[in-house]
Each structure stands twice: as structure tokens, then as C-alpha cells.
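Residue numbers (full-length UniProt numbering), protein chains in the order written: chain A, 1 to 251; chain B, 1 to 251. Note that the Cβ used here is the ideal one computed from N, Cα and C, for glycine as well. From a predicted model like this one, the values you see are computed outputs, not experimental measurements. Scroll down for the structure; my scribbles are underneath it.
There are 2 protein chains.
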Amino acid sequence: MASLIRKLEHFVRLSPAEHAILDRAATERVRKLGPRVDLVREGEKPRDVHLILSGWACRYKQLEDGRRQVVSFLLPGDICDVNGFILREMDHSIGSITQVTIADLSREFFDEVGARHPRIATAFWWETLVNAAIQREWTMNLGQRTALERTAHLLCEIWLRLSMAELTRGDNCDFPLTQADLADATGLSKVHVNRILQELRAAGLIVLKSKTLAVPDLARLMRAGLFNPNYLHMDREGRQLDAGSADIAAG
Amino acid sequence: MASLIRKLEHFVRLSPAEHAILDRAATERVRKLGPRVDLVREGEKPRDVHLILSGWACRYKQLEDGRRQVVSFLLPGDICDVNGFILREMDHSIGSITQVTIADLSREFFDEVGARHPRIATAFWWETLVNAAIQREWTMNLGQRTALERTAHLLCEIWLRLSMAELTRGDNCDFPLTQADLADATGLSKVHVNRILQELRAAGLIVLKSKTLAVPDLARLMRAGLFNPNYLHMDREGRQLDAGSADIAAG
DNA sequence: CGCTATATTGACCTATCTCAATGCTCGTGG
DNA sequence: CCACGAGCATTGAGATAGGTCAATATAGCG
Numbered sequence: 001m002a003s004l005i006r007k008l009e010h011f012v013r014l015s016p017a018e019h020a021i022l023d024r025a026a027t028e029r030v031r032k033l034g035p036r037v038d039l040v041r042e043g044e045k046p047r048d049v050h051l052i053l054s055g056w057a058c059r060y061k062q063l064e065d066g067r068r069q070v071v072s073f074l075l076p077g078d079i080c081d082v083n084g085f086i087l088r089e090m091d092h093s094i095g096s097i098t099q100v101t102i103a104d105l106s107r108e109f110f111d112e113v114g115a116r117h118p119r120i121a122t123a124f125w126w127e128t129l130v131n132a133a134i135q136r137e138w139t140m141n142l143g144q145r146t147a148l149e150r151t152a153h154l155l156c157e158i159w160l161r162l163s164m165a166e167l168t169r170g171d172n173c174d175f176p177l178t179q180a181d182l183a184d185a186t187g188l189s190k191v192h193v194n195r196i197l198q199e200l201r202a203a204g205l206i207v208l209k210s211k212t213l214a215v216p217d218l219a220r221l222m223r224a225g226l227f228n229p230n231y232l233h234m235d236r237e238g239r240q241l242d243a244g245s246a247d248i249a250a251g
Numbered sequence: 001m002a003s004l005i006r007k008l009e010h011f012v013r014l015s016p017a018e019h020a021i022l023d024r025a026a027t028e029r030v031r032k033l034g035p036r037v038d039l040v041r042e043g044e045k046p047r048d049v050h051l052i053l054s055g056w057a058c059r060y061k062q063l064e065d066g067r068r069q070v071v072s073f074l075l076p077g078d079i080c081d082v083n084g085f086i087l088r089e090m091d092h093s094i095g096s097i098t099q100v101t102i103a104d105l106s107r108e109f110f111d112e113v114g115a116r117h118p119r120i121a122t123a124f125w126w127e128t129l130v131n132a133a134i135q136r137e138w139t140m141n142l143g144q145r146t147a148l149e150r151t152a153h154l155l156c157e158i159w160l161r162l163s164m165a166e167l168t169r170g171d172n173c174d175f176p177l178t179q180a181d182l183a184d185a186t187g188l189s190k191v192h193v194n195r196i197l198q199e200l201r202a203a204g205l206i207v208l209k210s211k212t213l214a215v216p217d218l219a220r221l222m223r224a225g226l227f228n229p230n231y232l233h234m235d236r237e238g239r240q241l242d243a244g245s246a247d248i249a250a251g
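Dropping the structure here:
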């Protein structure tokens, strides 16, 4: 939950009481899953909402003939579909990449947040809107960017999302994705991803080895990926709601 | 608002009182815009939320060098970003395709719905979740499907969304998109879209002429597009909330 | 130490793009 | 009622980004 709170506080500062509510929800029903297992499968009825506490996962869709697209990555602090249990069945699957720890959040928790914690509810809306923006940007990425731009763009996004959750250390971070994962996410072939990564390395834009990524010069990588961070909405937009400045609203 | 209500009722049946609330919101501040104008531009502060009453529009993003991606189409009954005013600035633009009539929905309207009309609020969450699912499917479409599959898939989606809003007549419907629009939405070149449409016509899958689309055999078009409608969540998932069966919840 | 998964390389192939010309259609003004 | 222009659609001829196939290398793990 630490990463969730850190992330949400990029939008609005929460009070200690609100921290406690999130902390409690995130420590009640915690599970640990191995790497490369399905957390949720297309066609199933959605039950709880999952909060990623640690590890990486992804949403993916698959065609009959095996073609597979990763449609988003889930990093620590990410919530899989606020209110997702409204729908009758999952239209995609969620699979772990590394070992993950997740907390299952109940429908009742969301009901209570909606009824009694308006600032958390707003923060959840922010999370939802940002996820929608990310998905739009992926559409742009796949539709218009070249293989190199696309790969650089994805790396920038992951980098910034990790840094929001305070999961980067200086210029490097854990990076458990295989080239096959990157291929599924960028819509490229594995072979081509391999070649593009070599180009990015040769240009000094990344250092990627043994599951660690270093980005020596983020601005340069962003330029290579035609990356504009506006869609991540990282700049404390909700500050007028900050704890302290709007305690009345918090009830 | 007729199309909005029709669409929402694919999820949950609303009471006459709820119809009236939506009707009122949709008739208060109505504007008409010409074809091919921007309704909202990237970088602006989002103000009201727009409800499309008639006509077609699209969300799009553009790169410096002019590459343009349509990331979604907005059809009658669609709401542009429930609670979108939470964010500080738009990360994409919205442009009209045909002449459109829109109703501007205020922040206060959404606050009131949240506070006093839980079934409408849930229906809005459904709308939000379905839009997210559509955006994921577009990611899949651009990443994995061939040009022909991709185009067929898009046509199926538009067809079903129009039919949800009761805007199809028998096997045909208005179809104001140009080949350039289709190219921007599918990430293909105009020339290639032209050739693909000819293939679809030759296969008897579509009849497309003078802004009218006919789909003689939807099942066949769906097969060509590897189309699975599950992501549109059209099957009254929220029926346990229907007006009458849950009037207590409606307050 | 040997397996298995992952990464790398090379050679060739093709779906889709680009450029450039031509044709069509529909709305406008004369 | 016709002529014209602007936007849209169609066609053809190359060009290329990225795919496929298959072999080899490397690395992490039990």
C-alpha cells in the first residue's frame, strides 16, 4: 500500500486517517503468487478488485490462433479496475510476470469509500482516468510510432510510473520483462525487439542487463520515444483537495 | 439523451424518475457544432463533461510531425470522460466529424448523481469501464490484427455500438467516416484502407457508399475481424439493480 | 554440470507504405 | 442548369520497415 499511497499523493495529499483506511484495506486479505501465473482469466466473473503490493503483472488478450497482446502493465501500487466487479465477465486476463503480492479489495470497501471518504473516492477516479489515458497513449503508440520510438516510449512510461511509486534508484530500476514480453506489448516480433534494444543500447539511451534497466539520460530517451508525460497527469492536480486544506469535505 | 438512456439500459433498467434526471441534464445546456471542428483541444483545462446527443466525433492525438491517431469514436449517447474535470489538462483533443449536438454536463450534476442517484452512478461506472475495455481492444486491434481483420473489427464495433443506441436500420446505418478517418483510427495509410475496403466489398462483407454502410451478414463480418463482442458488455449485467427490483437502493 | 529459457545473428520475405497520377462527387456560384 | 473546384476515392509502381525461419550463443537454475 505504500506504493499506492505514494502514487495517489501525486494527485492529492491524504490525511493520516485516510492513510490508515488504505493501509487496513491493503493488509487484510493478502496473497502471494508465483511468477508467470494467471491471476484472473478472460471469461471469469470478476470478484474482488486486486491491488498490486509488490511485483509486476500484466493484462493481456489473446486470439484463437495464439497471437497475444499485452494491453497494460500492472506495477506496485496499481489497482486492477476500481469497481470492476460491476461487469459480468472479464474481457481479458491478468497474469503475473514476477512473483507478486496482492491485496484483494472487497466491493464493501469501495462502497464505504464512496459513501464516507470522498477524497479517497476522488483519488480513485483519478487513478481510473489516468489508466484510461495510458490506454489511449498505447493506442497512439501502436498506431503511429516506429518500432524504435514505440519501444523507447514504453520504457519511458514504465520508468516514470515506477518513479511515482518510488521504485527507481538513481538512474536504474528492476526490469523483469523479457524481450518476449516487450514484443507482446509493442506488437513487434521478438527478433525485432532484440534489434531495437541493441539500437537503443548503441545510442547510449539505455543499459539493460540481467533484469536491471538503467536510463542514463531520461530526457534523451524521451526525445527518442517522442514521449510527452502529460498523459500521466503526475502534477498534483487535486491539490485543492489536500488534507488540511479541505478537511470539511472529508467529513 | 434518448441514445444515452437506451445505451445505459443495456446495463441497468432505470426508473421514470431517473430518466427525468438524465433528460433534464441533457436539455439544459445544448450546443450545436459544425463538422470537422475541435470541441476540446489537448492542453486545455477540462471544464464540463460533454454528452453527444447527435452526430459523430472522435478523440485523437497528434505528434509534432503531424502523425495523427484517432483513439476512439464518440457516437450519440456517449459521454466524454465522466468526472474528466478532475484532471488539470486534456491529454488529447476531441473533434467533430459530422455536425454534432452536445449537452454540457456540469460538475454539480455529477456530484448530485454521486450523492443521490446511486443507480445512475453505477450506470456511469459501467460506461467508464466499457470505454476502458474498448480502448484495450483497440490496443489489441492495432498490435495484433492484420489490416483486413483490423478494419473489419472496427466496423463491427461501430455497428454494435450504433445498434445499442438504436441507430441502425435493418442491415444499414449512416457512416460519415472518410477513408482518411479510418486510416487514422486503424494506423494504416489511406491507400491501404482503400484497398482493404475493396477487399471487404469484394467478399460481400460490406456495402459502403455515399456515407452509408450496410452489413449483409454481421456474423461473417465478425468472423473476418476475429470479433468477440464480450468487451462491449452489452448483456444487462446490472439487472439486479433494475428499477423496481431495487427501489430501496434508489432512495 | 547440464537443462531450459532467453537472447542474438543471418538470410530472406512480405504486408504495408509512399509517391504520384487520375477519376469521381457533390456543393456553390454564375 | 451547368461548370468548376475541393475534397475524396482509386490505381499503379516501386520502396521499406518489420516479419519469419532457423541456427547459435548465453545465462540462470536445480
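Same chain only: Cβ atoms within 7 Å of Thr98(A), ignoring 5 sequence neighbours per side: Pro35, Gly55, Trp56, Pro176
Beta-carbon neighbours of Ile120(A), restricted to chain B and to distances below 8 Å: The premise fails here: Ile120(A) is roughly 13 Å from chain B at the closest Cβ pair, so nothing lies under 8 Å.
Assigned exposure category for Glu108(B) - 16 Cβ within 10 Å defines buried: exposed
Those residues which DSSP pairs with Gly95(A) across a bridge: Asp38(A), Cys58(A)
is_contact[Glu237(A), chain B] using C-beta, thresh 7 Å: yes
Every unbroken alpha helix (DSSP H) within the stretch 87-149 of chain B, with a cutoff of 4 residues, ordered by chain: 107-116, 118-144
Endpoints, the beta strand (DSSP E) within which Ala214(A) is located: 212-214
In chain order, each alpha helix (DSSP H) run of at least 4 residues that lies wholly inside the stretch 174-244 of chain B: 179-186, 190-202, 218-224
Within 7 Å, strictly: CB atoms of residue 260(B) and Tyr231(B): What the structure shows of chain B is the stretch from 1 to 251, and residue 260(B) is not part of that stretch, so it cannot be assessed.
Within 9 Å of chain B by C-beta, residues of the stretch 69-96 of chain A in sequence order: Gln69, Val70, Val71, Ser72, Asp81, Val82, Asn83, Gly84, Ile86, Leu87, Arg88, Glu89, Met90, Asp91, His92
Inter-residue CB distance, Thr122(B) and Gly238(B) (contact presumed, cutoff 8 Å): 6 Å
Contact belief for Leu22(A) with Leu33(A) at Cβ below 8 Å, rounded distance in angstroms: Not really, about 21 Å apart at Cβ, beyond 8 Å.
Cut-off 7 Å between Cβ atoms - residues of its own chain near Tyr68(A), not counting five sequence neighbours on either side: It is worth fixing the name first, because residue 68(A) is Arg in this sequence and not Tyr. Once the five neighbours on either side are set aside, the close Cβ partners of Arg68(A) are Tyr60, Gln62, Asp184.
In DSSP terms, what Val49(A) is bridged to: Leu105(A)
Cβ neighbour criterion (16 or more within 10 Å) applied to Ala165(B): buried
Chain A residues whose Cβ lies nearer than 7 Å to that of Gly143(B): Gln69, Leu142, Gly187
Helix, strand or coil at His19(B) according to DSSP, with G and I counted as helix: helix
As assigned by DSSP and simplified to three states, the class of Ala246(A): Low confidence applies here, because Ala246(A) scores a pLDDT of 46, under 50, leaving its location unreliable and the question unanswered by this model.
Contact list for the UniProt domain "HTH crp-type" (145-219) of chain A against chain B, Cβ threshold 7 Å: Gly187
Amino acids of chain B, ordered along the chain, whose beta-carbon sits closer than 7 Å to that of Leu63(A): Gln144, Leu226
Contact under 7 Å by Cβ, Leu51(B) with Ile86(B): no
Leu182(B) and Val191(B) closer than 7 Å at C-beta: no
Residues that Leu129(B) contacts on chain A, provided the C-beta gap is smaller than 8 Å: Asp81, Asn83, Gly84, Ile86, Leu87
Backbone CA spacing between Val12(B) and His19(B) [nearest angstrom]: 12 Å
Bridge partner(s) assigned by DSSP for Lys32(B): Thr101(B)
Amino acids of chain A, ordered along the chain, whose beta-carbon sits closer than 7 Å to that of Trp126(B): Ile86
Presumed contact (8 Å Cβ cut-off) between Met90(B) and Glu149(B), rounded CB distance: In fact, because the Cβ distance is near 31 Å, the residues do not count as touching under 8 Å.
Distance, Gln144(B) Cα to Cys156(B) Cα: 17 Å
Cβ pair Leu39(A), Ser96(A) closer than 7 Å: yes
Residue range of the beta strand (DSSP E) that includes Arg68(A): 68-74
Straight-line gap, Gln240(A) to Val113(B) (C-alpha atoms, nearest Å): 22 Å
Nearest-angstrom Cα separation, counted from Ser15(B) out to Asn141(A): 42 Å
Among Asn131(A), Ala25(A), Arg29(A), Ala147(A), nearest to Gln198(A) - alpha-carbon criterion: Ala147(A)
Any C-beta of chain A under 7 Å from that of Gln135(B): yes
Spatial neighbours of Gly225(A) in its chain, beta-carbon cut-off 6 Å, leaving aside the 5 residues before and after: Glu149, Ala152, His153, Cys156
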